[in-house]
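J.: This is the structure I have questions about; it appears just below.
In full-length UniProt numbering, the protein residues as written are 1 to 299.
Pasting the structure below:
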């Protein structure tokens, strides 16, 4: 039978579709042949007039990708043809680590997709905790990333977020339990995304979205909601390119004594010097080292 997809045609109609029998992938190391956000060509299914067949995937403007969590040695396209990617994060339960945020930002940088950090559930924080959070997030703002602070239960916050998402196709991703589905439901009540409580085990979220979906917010505005991601393994990023995807490191490239500097131990390294004198934060440098050493699956 193969995989089935829901495809919206140019006239706004939804169609149940499947891939044609012998569908060739350009990259056989991709675990999902069709990704949410793909533009495709459809033909009629001669055997069933209630379905259509995906005959071709049109070239992607961009995509965001991760190591496949299910198929070893493969990558999984999270979504394609994006205007922006947003990581929904929380500091309580569950806690989103800075390392996870950094891996998301590196992935977005690598595929040239503007990225935003959305801190949710701030209504659960004290004023002191909010100030500490904003102080830490100011490091990301200084690098050019936009940071939004919301409570998904605040109508004013949701209205502001709706304006931020206007006339764009936006990816929402993050750990389970950070409130992505609640945000989508508040933005688009008819989406009816399932929500759940945080599980007792290690304060991890329970998966409530089982597959990526695209929702129409308004004319020309779309949201792609993804299943909660436990780990974000880097895909299609070479180690010698990694420093290019940290803005603060990228600004210093070419200033090291050696052209093949790994920025870990070499004499005359401009990036190590910047770290030592505080121009690069410890958490960001630690994230770089972790990814460089291949420890990029940290939660």
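Built from N, CA and C at the ideal position, the CB exists for glycine as well.
The beta strand (DSSP E) spanning residue 170 covers which residue range?
T.: Within the chain shown, the letter at position 170 stands for residue 170. Start and end: 169 to 173.
J.: Quick check: the stretch 220 to 235 against the stretch 155 to 175, are at least 3 beta-carbon pairs closer than 8 Å?
T.: yes
J.: Starting from the C-beta of residue 121, find all residues in its chain whose C-beta is less than 7 Å away, skip the five residues before and the five after it, and write them out in chain order.
T.: Indexing the chain shown from 1 puts residue 121 at position 121. 90, 92, 151, 179.
J.: So what does DSSP say about residue 80, is it helix, strand or coil?
T.: Taking the chain shown and counting its residues from 1, the one referred to as residue 80 is at position 80. Residue 80: strand per DSSP, three-state reduction.
J.: Across which residues does DSSP place residue 148 in a beta bridge pair?
T.: Locating residue 148 in the chain shown gives position 148, counting from the first residue. Under DSSP, residue 148 takes part in a beta bridge, and its partners are 118.
J.: Measuring alpha carbon to alpha carbon, tell me which residue in 45, 146, 241, 84 is nearest residue 166.
T.: Numbered from 1 along the chain shown, position 166 holds the residue referred to as residue 166. Ranking the options by Cα distance to residue 166, first place goes to 84.
J.: Return the residue from the list 8, 51, 270 that minimises the CA-CA distance to residue 37.
T.: By one-based count along the chain shown, residue 37 stands at place 37. Looking at the Cα atoms, 8 is the closest of the given residues.
J.: Please classify residue 187: does DSSP put it in a helix, a strand, or coil?
T.: Counting from 1 along the chain shown, the entry for residue 187 is found at position 187. Note: residue 187 maps to helix in three-state DSSP.
J.: Note the first and the last residue of the continuous alpha helix (DSSP H) segment covering residue 101.
T.: Translated into positions along the chain shown, residue 101 becomes position 101. From DSSP, the alpha helix (DSSP H) with residue 101 extends over 98 to 110.
J.: Could you round the C-beta distance between residue 19 and residue 64 to whole angstroms and report it? I think they count as a contact, below 8 Å.
T.: Within the chain shown, numbered from 1, the residue matching residue 19 stands at position 19. Within the chain shown, numbered from 1, the residue matching residue 64 stands at position 64. About 22 Å separates the two Cβ atoms, so there is no contact after all.
J.: On the DSSP bridge list, what partners appear for residue 212?
T.: Your numbering for residue 212 matches position 212 in the chain shown. Its beta-bridge partners do not exist; DSSP assigns none.
J.: Looking at C-alpha atoms only, which residue of 279, 291, 39, 191 is the closest neighbour of residue 252?
T.: The residue given as residue 252 occupies position 252 in the chain shown. In this structure, 279 is the residue among 279, 291, 39, 191 with its C-alpha nearest to the C-alpha of residue 252.
J.: Flag this pair as yes or no: are the beta carbons of residue 15 and residue 42 separated by less than 8 Å?
T.: Your numbering for residue 15 matches position 15 in the chain shown. Your numbering for residue 42 matches position 42 in the chain shown. Yes, these two residues count as a Cβ contact at 8 Å.
J.: DSSP has residue 66 in a bridge; who is on the other side?
T.: The residue labelled residue 66 in the question sits at position 66 within the chain shown. Paired residue(s): 76.
J.: Following the continuous alpha helix (DSSP H) through residue 225, name the residue where it begins and the one where it ends.
T.: Counting from one through the chain shown, the residue named residue 225 turns up at place 225. Here residue 225 belongs to no alpha helix (DSSP H); instead the beta strand (DSSP E) covers 221 to 225.
J.: Output needed for residue 34: all residues of its chain with C-beta closer than 8 Å, excluding positions within five of it in sequence on either side, in chain order.
T.: The residue given as residue 34 occupies position 34 in the chain shown. Within the same chain, 3, 5, 19, 40, 54, 57 come within 8 Å of residue 34 by CB-CB distance, once the 5 residues on both sides are set aside.
J.: Take residue 72 as the anchor and find which of 105, 255, 31, 79 has the nearest alpha-carbon.
T.: Here residue 72 is taken as the residue at index 72 of the chain shown, counted from 1. For residue 72, the nearest C-alpha among the options comes from 31.
J.: Spatial neighbours of residue 144 within its chain, please: CB distance less than 8 Å, with the 5 preceding and 5 following residues excluded, ordered by chain position.
T.: For the purposes of this step, residue 144 is taken as the residue at position 144 of the chain shown. So the list reads 247, once near-sequence residues are dropped.
J.: Leaving out five residues on either side along the sequence, give the residues of the same chain with a beta carbon under 7 Å from the beta carbon of residue 210.
T.: As a first step, residue 210 is located in the chain shown; it is residue number 210 there, counting from the start. Low local confidence applies: a pLDDT of 46 at residue 210 is under 50, so the model's placement there is unreliable, and no value is given.
J.: In terms of residue numbering, what span does the alpha helix (DSSP H) encompassing residue 154 cover?
T.: What you label residue 154 is simply residue 154 of the chain shown in a count that begins at 1. Unbroken run through residue 154: none, as it is neither H nor E.
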